[in-house]
Structure formats: structure tokens, C-alpha cells
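Chains as they are written, first to last, in the working numbering: chain A, 1421 to 1784; chain B, 7 to 952.
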């Protein structure tokens, strides 16, 4: 097995190869070289990926078309929740489609979205804006694009050139790390200045940081360790994950259990008992209704957490996901959700995107 | 009022009595838009509007379910009912004119000669009538002495309900229920004139009592009319005496009585006269000068026959009994009670005098001295086709000339000009001359039933066009046909469905079946249900199976070769169609089941209940094995050998030969009962479904109907052709779904599990709100107990008097308890200065286990060890967490069951109230107790609550 590559330079080359590939089979072969060491225990079919079902391709394409159409001239999305978080997730949707990010049909959308995030970033603090949710998802979008999108084409010729993706990402990471250092529990809440934390906002930031680290940006190990420690303190032996620390009384949440499972997995901490407990609880929810609240948000994390944790459970869950999304996608390709159409569409599509497995963050 | 007047006017009043009390001057729609009900001769009816029509003695009636109006000859019309109201205008006018045929009109007399009379009528203006039809002229004026005039349906009556029901038939009250009674507290005067008309169809057996209250003894002792075998008698029986007089002899079969009674409760006397004025009885009890009693009520009781109260008029009476009259002679009744016999030759408008050619020569009588005039003796009258009863009780009969813009032109015999009046003045239009149907039916006669319509007729020639459907109905009572409106729904019954067969059980067969029933072969996923399979009881399916049942109710005998994600592929001898999509299918019978086992309703309910956790992934099929087991899942595929079904998101394979039948569970069935879409757009085409006597159904769009043949196309089966003579019932529009819903397979529908109340409670933050006062324990003496504490000490409740105690029943395995306890502990510590202590009563757990849990939770509470659950039992803690507040007097002040986001707030509020001594003055109950939510089993039968 090849060791995971951590430098931005070599990653750029490899990803360039990945997205140039046109057939799924070819891509899957390439992915192998990116699999981390522990992936060797996985079933071959899961590791290599299978042929993406037609339903998924059709749904995903329709969704992409919607997002492309709904994007503003400035590169962001305005219907419902709006900001760098939504834009970052939309970048992921385009990247995950398998279309070439530099020359494919959505390359302009990707560049416009990236420019939108970078332009709004606070040059001094690196804060991407709106809230730490947005900062986290925006950072994730930047991290996934970093190395895959050719920086030379990012800014239009003749116009003012902004920061590079790498610079913006480094700045954003520094912002998140600084915020965490000032936080007494070592995690994050809505504002960068918050002194308390919750497992929902922290998930967005931590996944962003982990993606940045995977992309080759330097993220202090202490930062990751502290954040993971926060999650372990919030995970009970039953796999219940509390909202804001201790054994609070905020009710069951599949989303939070998914987030915890996911951050342990991406942080390479599958050794933790808390990971095993959370995963066990999560697998137990497969096929169960989550009650309807935050459905898209839950799906987004549940997809990745199950994919990371239990391939068989993910397969079952994914089957149901496809069925549900098929029945709820609107003719224009969008989905309706409590936080607005574009955010619901991006999150649903990203839940489906595990069927493609093109994004580095989905690697196991 | 004088008695003579009363007798003369009896017919008038009686006629009035049959009308309801109606309001005038209401905000009504335009007269031609009034919604009316047309009743036809044989019990058919339809609601709609009367349209303009100029053909005599026909009405043109538009019903909303049809494209064009129907035309009915008046001879086939039983009545047209006009909108009713509860108030009645009094008829006004100086005189009431009684005309031939029972007609009554009110107004002034302008002229009277030997040949005709000119009347100035309130309702119709100036009208000239032939003298021969003018029977009587009665002084009317006002009618202040009127106490009751009715019946107007059941209004104003107390009556026996339920099985002893009275029916309101066009204002009459009828019953054939033994023991049925009507009681009217009309506050009748001690001296009353009571006129009534009763009839019966089979056998009279009734008591009509006057001057009563509700006391049985008083009713028994009242004056009453009663049926004694072949006699109608007037009687009174008190403790001391009894007197009975026969009023008339009865004949077998239907009959009627029409009497006037004069009741004098002061004098213990009642006289009864015939309607023509002949005295039939004058009954007076001798017992004492003082009245036995005076009461204001009347009561009609049916004993064991049938009776109908048609008219009842009660008025004041001055105590003078009527004089005997020569009923057949023309005469004038004077206001002083005297009678002048002789023919009234004219009315002199100049002198305001009536001229009477009496036995002793001409007599002139001043108008103001005349109470009534008997003008022309009754002769045979010309037949009349209809009668109009007006809201004020006047009535007119004759033949219908025309209807135009909400007005009717009526030709009445002997009346020189047509009477014209508006719909809004009419109470009812009644057909009088009912003739047989003139035309034979030109098709198979069935009974059409739609909303507001019941109409015998047959399917006429019809052709589906752009805007007109092919279902054209020709009523047997009508002279025209009309297409049923596209999108309307209903049914045509040619033969009534057979009554349900009594269930027969063969205990031996059941025993055998049970004995043979092997263990389920689908392993743990199979729901083994033993019970009567309702499918087997369905008529018409036969035992052979192998049919595809559509959601419309159609059954297609067929062999199925494949099921895939789109639908079912089949071969059938009855249709060329080879494929049916899932959304049209309800069930598929593949093989006969070889066990018929009984289903209990609770098991069936469980099988068809969708747990809340499966809402996002409901099963789409129920698969029944040949052994009677059921499996819920989602069919992915089936071919000749195997069925692939997804159960809990895993695919399972089953050999096809093991499958008896599959029932489709459609998601829209699940939602159907939640929010019914009330208003559906009219479909572009009308669909029909024919049901044959063997139970087979065929649903299609009829294109042509001709010579009793229905031809059209089914979206599943292609071209269809059905002969009406083979059809028992024909449904159309939504009637198809309504009929199909009654089929056994269609009753197999998933239902959502009931939402726990804590989820449905309307509360901003999603949690339930309790006051702690909901429990029946509140207010009771707190049961005493003594338990070991976790720290080794002992705790006895009765030693704590004067303190406020909080008992929190919990266990370490109960998540909601663990969430609730820190909140309870926190709130109790806020009241530390008020002698409040918390005892966490642990249920049946080991001290080590409890200690380690509390350490992890960093909680420091006093824990009592209820090792055997005895204390929990005493406090009815069958579900935990349960938190009990005991006040300083040792009484239970509050009980909270379950936790939830609002617990701390509610608990704090309640504890404050108990501390303040307001133990029993909690806030209003805003919601119910939280539902129990079994999350996992515990060593004890205790549920944990959120």
C-alpha cells in the first residue's frame, strides 16, 4: 500500500490525473493509490467502488444543473441560507460529480464559487464569514478544491487577482486554530470568539481542518487532538453524542452521532472506544426515521459516517437514501429543505456523492 | 272566541296545522335558484332547482349531477319540498274562504252574487271565483286565542328517541314503535278547545291525553282518548270514579279520526264533537267542586299499533258548548251563536250586509254579526293534479300552467284567472293525481344513486363527446333523459348485493389446519400470525386464486411471469394486456393457501401498523405464505422461481412456490386518512366499473352506450364491452373507489402508529407541559415506607413530617431518568432554605452499579434502595422517571411522569407553589401526561419515559 501523500504538490499531480479520467473504472483504479493503510481490510467492491446506479447519476445531474442555474453572478447562492458554507458545499457537489474541475462543464461555476469565498474572507483574521458553520464548510470546500483546481485559471485575465486557494485555506485554518486556542473547551461555537462549544458547529470546523490537513496544509496535531478530546467527552458508552458537552438533555440526534463518528474516522482515531460506540449506535439507526428535523443535514453526515465506518450498513442506508431522494427531488433538480433550496440540494447531493467517491474527504 | 266560530273554523285551523311555522322575509337566493327536493311517486328523489317550463302539468328539474334538466309529468311527482324554516307567518285577512277541494285562501270579500264571488286576497290580489266552489266564508281577523298549531315536525315536543322513534313526514309525526310517546308542554289553558286529526295505517292502539304533566299517575287520571278494541273512547279514571263514552266504532285497516275536544279542567269536564259539529261525548266527573288538577301539557302515546299526528290546534275556549247544527244545510252562524238557515244570495257591499233567503223570507244580516257562512254545500269536485301549500297555511290546488322565473301559474277549477305566486311563498308542492307510468322502459331498469339523487331508470343511448359523458340516464318517471355530468360519481344498482353470509366455522378443519401448520420458513423476519384470513372470506374470489386485483377492484385471472420495479408482467385469457404498473395493483393471488387460520383484530392491526421509526421506509408489500405467515417488505423482483424482497434494507429470496399472495401497500393509502384532499378537479373522463353477480369487476372509460351494451376502453386492459343485463351494479366516478374500499384486499392498508402525546403537544419548544396535578395520586396521603440508603443509613418517610420531600424514582439503565435527575437536583437545591430534600429512589439495582453511575455523572444525591420495587408499586411508578412532591402535611402534592425539555421549569413552578402552600392550586392543565415510550426492557416491568 502506498502511504498517504501529505504534500500539496504531489497531491495536485495525482488529483489532476483523477479528474482527467473519464470512466468510473479508470477512476476507481486511481483511487486505490490514495487509500490509506487501514483500507486494506475493506471489501474489494467497496474499496474500488461499484458502477454508479443510473438513478443516482440522473438525480445528481439534475441537481447539478439546478445549482449551476441558481448560482449568482458573484458566485454564491441566495435562496435560503447563504454564505461561504453553502458555497463551499456547492463546490464539493461540483467537484464530486467527476466532471473535470478545470475544463468540464461546471468549471466556471467552481471558479466563480471559489472566488466568492476568497473575496469575502477577512484578510486579517482569515475568517470566512457569517458563522463558524460557514467557516467550517467554506474551509472544506477550499480544501477539496485545493490541488484539483488549476490556480492559474482561477482569476480572470486582466482583472484583479485575489489570494490563491492555498493561501486562503492556510489563512482560514489559522483562523480556526486561533479561535480554538481561545476557547476553554478546545472546540468551536457559532462565533470565532465563543468560549463554549457544541458538537454540531465543531464538526463543521473540524472536518474542514482535517480536509485541509489531508490536502497538505499544516494543521497543528494539538488542535486536532484537542478537538477529538472534546468529542470523546461528549460521546457516551451508548454512542449518544451530546450537543454541548457532558450528558446534557438535548435528546437523541443521529446527526451528532454521525458527526462524531465521522471526525474520529477522518482523524484516524478509529481506535477510540468512543468511535466504536458511536458507530454502533449509528449502524443501529439504519432504516429508522430520524424524525424529520434537519433531515438534509443529518443525511449529509450520516452518509459519510456510515461510509467511513461500516460499508455494509452504508450500502443498505444508501439504497433507502436513493429511494427517498428520488421521490422528493423536484423537476428542476432541486430539493426543498428547512434551510433553503440550495443548501438542501447541496447536502442531499453530497449524501449521494458517496456513490461516486471522487472527493478526497470521502477516502477511507 | 265563541264555540260556534270555533267549530266552523275547525277545518281552517286544521289545515293550518299541517303546515310548519315559517319565517318570511329571509335573505333567500333568487327564487329560481332555491335548492329543492323533488320526490317522485315511487320513493325516488333528487335535489336541484325548478327551471322555467311552459308545458302544462310538467316540471323541468335540474339536478347538479346532470348536464341537462329532467322533465317529469306532474302525475309522477309526489311532492316538491321547499326550504324550511322554523318560523311561520300567520295568515292575514278579514275572512278565511274555504273553496272546493280543500283549498283555503285569506282576504276580504268584495262581492257575492248567485253565480260568483269576488275576493280580494292577500296572496293573489283580486280573484273571481265561481260560487259553486265557494264552500264557506269564515271570520278570521286575528287569531290571538291560538295556543298551539302544529305539529311542525318534532319541534316543541319532548319525545321518546332511540328505537321508539317518531318520524317527521312532511310535518306529520308518525310512529309504529311500541311505547313511543310525544309530550307537548304547551301551557294550554284550563279551558281549552282542542282539535286534532290522527290517522293510522294498520292498527290503532294509542292514548291521547289532555291536561297532563309528566307524572304517570296524572297522565293515567287525565281526560284521554283511547282505543279499546273496536271503539275509540273518551274516558277518565280517578281513584274514586271512572267514566267512559264511546266516540266511534273502528273498522279494520287504515283509518283516521278528526275530533274537536272542549276541555274544562276547572269543571272536570270534557266534551268531544265530530268535525262536522256533532256532539259525541260530554263527560263530567261528579267528584267535588274543585278540580282534580290542571296541567298545561298533552301527550300522545302509541301502545302497540301505529299512529300519525296530522293536525293539532289548541286555543282558548269560553266554556260554552257548541250547539247542534243541521250540518248539510246552507246557513249563517251569528257571532252570538244563533244560526240562520237559508241560502246566502248576495253580499251588499254598500250596506255591508249579507242577504239570506231563509225559510221565513229574505233576511239581511250585518257583516259584523256574521261568524261564518255556509255558502255552497259540498259537491263532487273536479279532480286536481297538484296542491300548493303556502307558508302561512293557505292552500290552492289545480293544474300547473307554467313556471317562469321562480313563479308558478296555477289554474284552479272555478277560479277565473290563474293564481300566480313565487317559490318563496311555498311550503310544499304536492302531486295529487298519481297515474301509472305511461311509457314502458326501453332498457334494463336500475336504481341510480348519487349524492342527493335516487332515481329509477335506464341507460339511454350515449356517446362520449368533448364535454358530455356517455352515461345518459332516462328516469322511468320522466319524459326526458340527461347525461350524468363528467366527473360526477355514484352507482346504478340493478340487483341489490346479497346479504352477508353468516360465518360458518368448521372446528375440525381449523384444528387440522393448526395441527399441520409448520414452523415459519422465513426465519426471524416472518411475522407468524394465526387468525382468520379476511381475504378468504371475500365472495367471488373463489379458492383457486391466481388473479391480479387492481386498486379499482377489478380482478384479472392471470398467470404472472415477472414482477420488476415497474410492475407485473402477466398472461391472461381475458385480456390482451400483458403488463400492469405497480400503482394500479392492490393484490396478487398466486396459489391457494393450505391453511386457513383465524386472525384476531389486534394482530391484524399490528400487522398493518407502521412504527414511527419506519416512517421514512414504509413496507410496500405484504407477502403471505401458503402456510399463512405474513412478511412485510418491499418486493424487488419476482420470476417463475423466486421472489426477492427487501426486508429491513436487506434483500431476501423466497421460493415462489411458497407464496400464496401479495398485497400492495401504497404510500398514498397511508396518508389518505390524515389529510383528505376535499376538492378534486373534475377528471376529464368518467370512469365506470361494472360488477357482475359473480363478483368480477371491470373498470373502463365508456365511449358508447347503445342497446344495453357498454363499450369503452380500460387503461389497463384495452377495449371493453359489457352487456348491462349481466351487471348487478355499476359504479362511476369516485363511487368506484368508494365501492373498492369495501373490498377485503382494499381494507389492507398501513396505518401510522399513534403519535405519543409528548410529540404532538402544541408547545413552542416541542416538549410537553405538565402541571404535576394530572395524577390521581395528587391529594392522597403519601404512602409511608422505610428503605436503606446508599450511604448505609435508613430512611423513613413518616419521620420527615414538616419537610417537603421530593421522591425521584429512577434506574441507571433509564436514559431519561439520568437526564432528568440533574435537573431535579438542581431545582431542589434552589429551595434548600425551605426544608426541601430530594430522595432518589432507585429501582432494584445493586449499590455498586448505582455508585459508579453517580460518580460518572458527578451527582451527589441521597439514594434510597427500593430493592424489590415495593415503594415504586405504592407510588404507582410503572413508568420512570417519576418525580413526586410530598408537602409538609405528608400529602402528595404533585406527580411528574417522564422528563422532557420543560421538566425543570414546570417542576420549579410546582415546587414553588408547594413551598408557598398552594399545593392544590396548580395552573391549568395544558396537556396530557406524556405517553409511555418503551425503549428497552428492564428487569422490572417499568418503562422509561423521555
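C-beta atoms are modelled at their ideal positions from N, C-alpha and C, and glycine is treated no differently.
Item	Value
6 Å Cβ shell around residue 1766 of chain A - same chain, five flanking residues per side excluded	1509, 1510, 1513
Inter-stretch contact at 8 Å, needing at least 3 Cβ pairs: the stretch 1528 to 1543 of chain A / the stretch 1493 to 1508 of chain A	yes
CB contact below 8 Å: residue 1479 of chain A versus chain B	no
Residue 598 of chain B in three-state terms, based on DSSP	coil
Local Cβ density within 10 Å of residue 60 of chain B, reported as buried at 16 or more and exposed below that	exposed
Sub-8 Å separation of residue 616 of chain B and residue 717 of chain B beta-carbons	no
Sequence-distant residues of the same chain with beta carbon closer than 7 Å to residue 587 of chain B, five excluded per side	572, 573
Closer than 8 Å to chain B by CB, residue 1744 of chain A	yes
Integer-rounded CB distance, given that residue 228 of chain B should sit under 8 Å from residue 239 of chain B	No, residue 239 of chain B and residue 228 of chain B are not in contact; Cβ-Cβ is about 14 Å, not under 8 Å.
Backbone CA spacing between residue 372 of chain B and residue 128 of chain B [nearest angstrom]	23 Å
Three-state secondary structure (DSSP) of residue 844 of chain B	strand
Cβ-Cβ distance between residue 1521 of chain A and residue 1775 of chain A below 8 Å	no
In DSSP terms, what residue 453 of chain B is bridged to	B:462, B:499
Touch test, the stretch 297 to 314 of chain B against the stretch 176 to 189 of chain B, Cβ-Cβ under 8 Å, three pairs minimum	yes
Status (buried if at least 16 other CB within 10 Å, exposed otherwise) for residue 1457 of chain A	Below a pLDDT of 50, predicted positions are generally treated as unreliable, and residue 1457 of chain A, at 32, falls in that range; no measurement from the model is reported.
Residues of the stretch 1702 to 1727 of chain A whose Cβ lies closer than 7 Å to any Cβ of chain B, in chain order	1706, 1707, 1708, 1709
Residues within the stretch 609 to 621 of chain B neighbouring chain A, beta-carbon criterion of under 8 Å	618, 619, 620, 621
Paired residues, beta bridge with residue 44 of chain B - DSSP	B:52, B:86
Short CB-CB distance (under 8 Å) between residue 861 of chain B and chain A	no
Nearest-angstrom Cα separation, counted from residue 889 of chain B out to residue 1643 of chain A	43 Å
Bridge partner(s) assigned by DSSP for residue 320 of chain B	B:154, B:200
Among B:193, B:659, B:401, nearest to residue 645 of chain B - alpha-carbon criterion	B:659
Where residue 258 of chain B falls, given that 16 or more other Cβ within 10 Å makes a residue buried	exposed
3 or more residues per run - each beta strand (DSSP E) lying fully within the stretch 729 to 766 of chain B	733 to 738
The alpha helix (DSSP H) enclosing residue 1648 of chain A, as first and last residue numbers	1641 to 1654
Reduced DSSP category for residue 381 of chain B - H, G, I as helix; E, B as strand; rest coil	coil
Same chain, Cβ closer than 6 Å to residue 252 of chain B, five either side skipped, listed in chain order	237, 239
Cβ neighbour criterion (16 or more within 10 Å) applied to residue 1525 of chain A	exposed
Through-space distance from residue 1696 of chain A to residue 1781 of chain A, alpha-carbon basis	20 Å
Residue 881 of chain B versus residue 781 of chain B: straight-line alpha-carbon distance, rounded	11 Å
Contact list for residue 1740 of chain A against chain B, beta-carbon separation under 8 Å	622, 623, 655
The stretch 491 to 505 of chain B in contact with the stretch 74 to 89 of chain B per 3-pair CB rule at 8 Å	no
Minimum Cβ-Cβ distance from residue 1700 of chain A to chain B less than 8 Å	no
Cutoff 8 Å: residue 1489 of chain A Cβ touching any chain D Cβ	Annotation note: the requested chain D is absent from the structure, which comprises protein chains A and B.
Which residues DSSP lists as bridging residue 708 of chain B, in chain order	B:718
Cα-Cα separation, residue 433 of chain B to residue 398 of chain B	8 Å
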